[in-house]
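Here's the structure we're looking at; comments come further down.
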Amino acid sequence: MSVAATVERKLRDRFAPVRLTVTDDSHRHAGHAGARPEGETHFSVTIVSAAFAGLGRVARQRLVYAALAEELAGGIHALSLTTLAPGEADSNQNV
Amino acid sequence: MDTATQERIRQQISESPVVLFMKGTPVFPQCGFSAAVVQILSHLGVKFKGVDVLSDPSVRQGIKEFSNWPTIPQLYVKGEFIGGCDIVREMFESGELQQVLEEKGVPVRA
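Protein chains in written order, with my numbering: chain A, -2 to 92; chain B, 124 to 233.
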């Protein structure tokens, strides 16, 4: 299974998201420290889940990091996160 | 993490009001995510201390455990963990970062 597919499966199992996008940005970091020729090192994740309601940004990202601890300790070099509760727009997460 | 490292980190975040644990230095960031936070702080005219984790493997690992946060960069204001690159960027865009800095008595360029 690809790293992206593993990430997606783990996040679905853990957070039952209403929306989830996992994007492999590795091509944008080719040749940069931490990049591997085969890619799958740099990811962006946007996840909308009721699990985040009432939590601050730090707490939300800690939950995601915990769910992906194995991947972060292994191949993933960078993970950019947008964590939203249902009803929050991407642009104003603080509201 | 050994006690000495823990103590050193505690000292670093208490000695300066704004501390950024980063890869590289504020002048020569070695990672795009660290560079993005440097750029935001510079844009706000915030004086900060950069701690280059690449030059100190014990801090590189230690800060992750200390903050319970697995990635670099990490921003501390007045000893309090604020977040990593995504959070700093979101807070900057919403104006919340400026607000937090001002509330904590850190001068921000208007």
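Glycine included, each C-beta is placed from N, C-alpha and C at the ideal position.
Checklist entry - Cβ of residue 132(B) less than 8 Å from any chain A Cβ? => result no
Item to check | Burial state of residue 45(A), where buried means 16 or more other Cβ atoms lie within 10 Å | outcome: buried
Item to check | For residue 41(A): DSSP bridge partner residues | outcome: 20(A), 77(A)
Next on the checklist: Among the candidates 51(A), 6(A), 7(A), 24(A), whose CA atom is the shortest distance from the CA of residue 75(A)?
Outcome noted: 24(A)
Item to check | residue 198(B) - containing beta strand (DSSP E), residue span | outcome: 197 to 200
Checklist entry - What residue does the beta strand (DSSP E) around residue 206(B) start on, and which one ends it? => result 203 to 206
Item to check | residue 165(B) and residue 128(B) closer than 8 Å at C-beta | outcome: no
Checklist entry - What span of residues does the beta strand (DSSP E) with residue 144(B) cover, start to end? => result 141 to 145
Checklist entry - Can you tell me whether residue 150(B) is buried or exposed, with buried defined as 16 or more other CB within 10 angstroms of its CB? => result exposed
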